[in-house]
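A quick write-up on the structure given underneath.
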Amino acid sequence: MKGVVFTEFMELVESRMGLDMLDRIIGESDLPNDGAYTSVGTYDHAELVRLVTALSNATGLTTSDLVLMFGEHLFVRFSVGYPALFGDVANSFDFLERIDGVIHVEVRKLYPDAELPSLQCERPAPGQLVLTYSSPRGFADLAEGLIKGCIKHFGEPITVVRTNLEKEGGVHRARFNLTTGHA
Numbered sequence: 001m002k003g004v005v006f007t008e009f010m011e012l013v014e015s016r017m018g019l020d021m022l023d024r025i026i027g028e029s030d031l032p033n034d035g036a037y038t039s040v041g042t043y044d045h046a047e048l049v050r051l052v053t054a055l056s057n058a059t060g061l062t063t064s065d066l067v068l069m070f071g072e073h074l075f076v077r078f079s080v081g082y083p084a085l086f087g088d089v090a091n092s093f094d095f096l097e098r099i100d101g102v103i104h105v106e107v108r109k110l111y112p113d114a115e116l117p118s119l120q121c122e123r124p125a126p127g128q129l130v131l132t133y134s135s136p137r138g139f140a141d142l143a144e145g146l147i148k149g150c151i152k153h154f155g156e157p158i159t160v161v162r163t164n165l166e167k168e169g170g171v172h173r174a175r176f177n178l179t180t181g182h183a
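Numbering-wise (full-length UniProt numbering), the sequence shown opens with residue 1 and increments by one.
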């Protein structure tokens, strides 16, 4: 997993819960690098899981809720850090449809070793988008948070219904049904 995910997680914890909380969860997570991450490095995703678990234990919030919160935070940070990816997109559906074919292509240019999830989209009817997430790392909560962050970014009345699908060949999958309030 790219280090930018780790550095942004630490930014979220520090900004919302304080430096003491960040220090506490780093200390409790038994990390091989003592929490020293760089945005361009690559790290084991299990380290992020340990940080989230330690934060859950410290706050009483579920790991799922924390990862969803982080996904929304991460979307905001991406929109600020990479405005060119947002310049010619007017709505959530159009943005989400571009993830695999445009955005992940750009991410791979910056980080050739990035292991990105697959996000397949289809529009079964007007006002509906079905997004299928697939990844060996099983961060559907993060994907959901990113989707919700996207919807907030574009300020649209969209409902999201998530269905966790059966794991296939070691790959975690989830389906997100998005429906506009105008459907």
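By construction, the Cβ of each residue, glycine as well, lies at the ideal position given by its N, Cα and C atoms.
This one's a predicted model, so the numbers in the text were calculated from it and none came from an experiment.
So for residue i, helix, strand or coil by DSSP?
{"i": "R108", "result": "helix"}
{"i": "L165", "result": "strand"}
Evaluate residue i with the Cβ neighbour count: other Cβ atoms within 10 Å of its Cβ, from every protein chain shown; 16 or more gives buried, anything less gives exposed.
{"i": "K2", "result": "buried"}
{"i": "A125", "result": "exposed"}
{"i": "V40", "result": "exposed"}
{"i": "A174", "result": "buried"}
{"i": "G145", "result": "buried"}
Anyone know if the C-beta pair for residue i and residue j falls short of 7 Å?
{"i": "L129", "j": "F86", "result": "no"}
{"i": "P157", "j": "G181", "result": "yes"}
{"i": "L22", "j": "F70", "result": "no"}
{"i": "L74", "j": "E8", "result": "yes"}
{"i": "P136", "j": "G101", "result": "no"}
{"i": "L119", "j": "I103", "result": "no"}
{"i": "D113", "j": "T42", "result": "yes"}
{"i": "L55", "j": "I26", "result": "no"}
So that I know if they touch, is there some Cβ in chain C lying closer than 7 Å to that of residue i?
{"i": "K109", "result": "Absent from the structure is chain C; it holds one protein chain and no more."}
Whole alpha helix (DSSP H) runs in the UniProt domain "Heme NO-binding" (2-160) with 4 or more residues, listed along the chain?
3-17, 19-28, 45-59, 63-81, 92-97, 104-110, 140-154
If you pair each beta-carbon of the region 140-159 with each one of the region 106-116, do three or more pairs fall below 8 Å?
no
Taking contact to mean at least 3 C-beta pairs separated by less than 8 Å, is the region 127-141 in contact with the region 61-68?
yes
Is the region 47-63 in contact with the region 20-33, if contact means three or more CB pairs nearer than 8 Å?
yes
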